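Structure first, commentary second.
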Amino acid sequence: MGKTSSRDRLSNEINAGSMADIAFLLLIFFLVTTTIDVDKGVLVKLPPWSTEPPETMTLNERNVFSVMVNAENQLLVRGELEKIEDLREKAKEFIWNPNKRPDMAEKPTKAIISLKNDRGTEYKTYVEVYNELKAAYNELREEEAQRKYAKPYEYLARDQQKEIRARIPLVLSEAEPTNFGEEN
Amino acid sequence: MGKFQKKRGKTAPEVSTASLPDIIFMLLFFFMVTTVLRDATLKVNVVVPQATELTKLEKKSLVNYLHIGKPTAQWKETYGTKPLLQLGDKISKLTDIPLFLEQHKSSVPETQRPGINSSLKVDGKVTMGIVTDVKTELRKANQLKVNYSAKPRVD
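Those sequence lines, one after another, are chains D and A.
Residue numbering for the first sequence follows the working numbering, starting at 2 and increasing by one per position.
Residue numbering for the second sequence follows the working numbering, starting at 130 and increasing by one per position.
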């Protein structure tokens with residue numbers, strides 16, 4: 002009988018060769034099930050809460066880039082209906098104002114972006130709009146970095162980045178949303 | 130030298146594979162330890178929107194997660210179909226946010242507390258109403274660093 006023949010052997014060790022296979026199996030299981038979940042997102046800084054009514058500032062209208070998103074997810078940029086795809090270019094032109102137009106920002110430091118939405122606006126649209134506005138600033142900073150230092154923004158030293166950020170500051174004010182179209 | 134000559138006389142020695150399992154086990158334990166299992170099961174559906182200007186959240190221990198979405202099919206009967214907020218593993222009210230933030234804060238060493246981020250994982254189809262309310266609560270609780278969780282856009 003084949004079974005008993007093993008008893009006749011001298012050394013009766015457990016074959017450890019298959020241990021590796023078992024461990025490999027477990028390893029692969031963990032490798033497959035592990036999702037190294039990197040959480041990414043659009044970073045924003047909320048304004049601090051205060052109960053006092055905000056002081057009214059008189060702003061030169063040319064410095065304000067107003068973006069409104071309604072409950073139908075339509076965009077009104079400075080009084081005109083726009084598409085999200087065009088928002089980035091519009092914002093860049095407004096902030097940088099390369100042609101020194103009298104109806105656009107005097108200089109980037111004076112530009113203010115005002116964002117307003119309805120309570121019924123889809124979150125997806127809101128994030129897209131926010132993303133485009135942020136992208137406009139990031140692109141302008143990138144261009145400035147290339148112009149001044151001929152290097153991409155992310156490779157600049159800390160204080161150089163800071164300087165560019167100060168030159169093109171992201172000022173985005175969000176108004177309280179209006180109560181339209183909230184789902185119940 | 131006697132030492133070497135003795136060995137030559139033997140038949141070809143095999144490489145011992147006995148330590149192989151140990152090596153593999155080491156790898157296995159490494160992966161088991163580094164794997165962070167998600168501690169909360171989601172009761173709301175969250176499909177985050179896509180964006181391009183993304184920032185990575187580096188330190189996971191400094192992040193608290195707020196999920197907003199519609200209840201999953203399993204929880205529809207209990208909670209209805211309106212979008213809801215989930216903190217940790219339970220559906221919560223807006224008024225629970227300060228306590229939730231405080232609880233998370235107490236688990237973070239004091240020196241690192243200014244670096245705490247709130248990650249808003251919000252379903253793309255949710256309307257801004259509840260998101261605004263949550264943002265207001267965060268502002269009231271002085272948690273101003275917020276990250277709108279999003280996926281990189283694939284064109």
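Just so it is clear, CB atoms sit at the ideal spot from N, CA and C, and this is done for glycine as well.
Being a predicted model, the structure only gives us computed values, none of them experimental.
So, under 8 Å CB-CB, residue i and residue j are touching, yes? Tell me the CB distance rounded to an integer number of Å.
i	j	result
M257/A	N118/D	5 Å
L249/A	N276/A	7 Å
I259/A	I220/A	The pair is not a contact, with the Cβ atoms about 12 Å apart (cut-off 8 Å).
T229/A	L216/A	The sequence given here has Phe at residue 229/A, not Thr. 4 Å between Cβ atoms; contact.
V176/A	G244/A	With a Cβ gap of about 28 Å, V176/A and G244/A do not count as contacting.
A21/D	P150/A	5 Å
With 16 other CB atoms within 10 Å as the buried threshold, where does residue i fall?
i	result
T261/A	buried
T170/A	exposed
R159/D	exposed
A167/D	exposed
V162/A	exposed
Starting from the C-beta of residue i, find all residues in its chain whose C-beta is less than 6 Å away, skip the five residues before and the five after it, and write them out in chain order.
i	result
N193/A	H233, S247
N180/D	R120
M2/D	The predicted model places M2/D with a pLDDT of 47, which falls under 50 and marks its position as unreliable; any figure quoted below should be read in that light. Here the set comprises nothing.
A136/D	R89
P227/A	A270
K142/D	Residue identity check: residue 142/D is Arg in the sequence provided, not Lys. Closer than 6 Å at Cβ, skipping near neighbours: Y154, I165, I169.
L171/D	Y138
S115/D	V65, S67, S174
By how many angstroms is the C-alpha of residue j removed from the C-alpha of residue i?
i	j	result
D218/A	T201/A	14 Å
P103/D	R63/D	7 Å
R268/A	P48/D	7 Å
V78/D	M69/D	6 Å
A180/A	L273/A	21 Å
E56/D	A72/D	28 Å
E86/D	V130/D	9 Å
Y208/A	Y124/D	21 Å
Y50/D	T110/D	Here residue 50/D turns out to be Trp, not Tyr, going by the sequence shown. Each residue's Cα considered, the two are about 24 Å apart.
I195/A	F158/A	Sequence inspection shows Leu at residue 195/A; the Ile mentioned does not correspond to that position. So the alpha carbons of these two residues sit roughly 31 Å apart.
I15/D	V33/D	30 Å
Q241/A	L191/A	8 Å
W97/D	E140/D	11 Å
K84/D	N61/D	25 Å
V39/D	L186/A	7 Å
E53/D	K101/D	37 Å
E175/D	P281/A	24 Å
K108/D	T184/A	27 Å
S19/D	T146/A	10 Å
V237/A	E143/A	53 Å
P178/D	E239/A	35 Å
F160/A	F31/D	7 Å
Can you list, in chain order, the residues of its chain whose CB lies under 7 Å from that of residue i, leaving out five sequence neighbours each side?
i	result
L157/D	A146, Y150
N1/D	An answer regarding residue 1/D cannot be provided, because it is not within the stretch 2 to 185 covered by chain D.
S278/A	V177, S248, L249, K250
F95/D	F66, M105, A106, A112
K172/A	P200, T201, W204, Q215, I220
I'd like the list of long-range same chain contacts for residue i, defined as Cβ closer than 8 Å, with 5 residues on each side in sequence excluded.
i	result
L223/A	L214, D262, V263, E266
Y127/D	V70, N118
Q75/D	L82
V283/A	Q179
T210/A	K199, P200
Uninterrupted beta strand (DSSP E) stretches inside the stretch 88–136 of chain D (no shorter than 3 residues): 113–118
**Q.** Start-end ranges of the alpha helix (DSSP H) lying completely within the stretch 148–221 of chain A, minimum 4 residues
**A.** Qualifying alpha helix (DSSP H) stretches, in chain order: 149–163, 205–208.
TODO: Taking only runs that begin and end inside the stretch 27–91 of chain D, name each unbroken alpha helix (DSSP H) of 4 or more residues, in chain order.
DONE: Whole alpha helix (DSSP H) segments, 4+ residues: zero.
TODO: Please go through the stretch 223–251 of chain A and give each complete beta strand (DSSP E) segment of 3 or more residues, from N-terminal end onward.
DONE: 246–251
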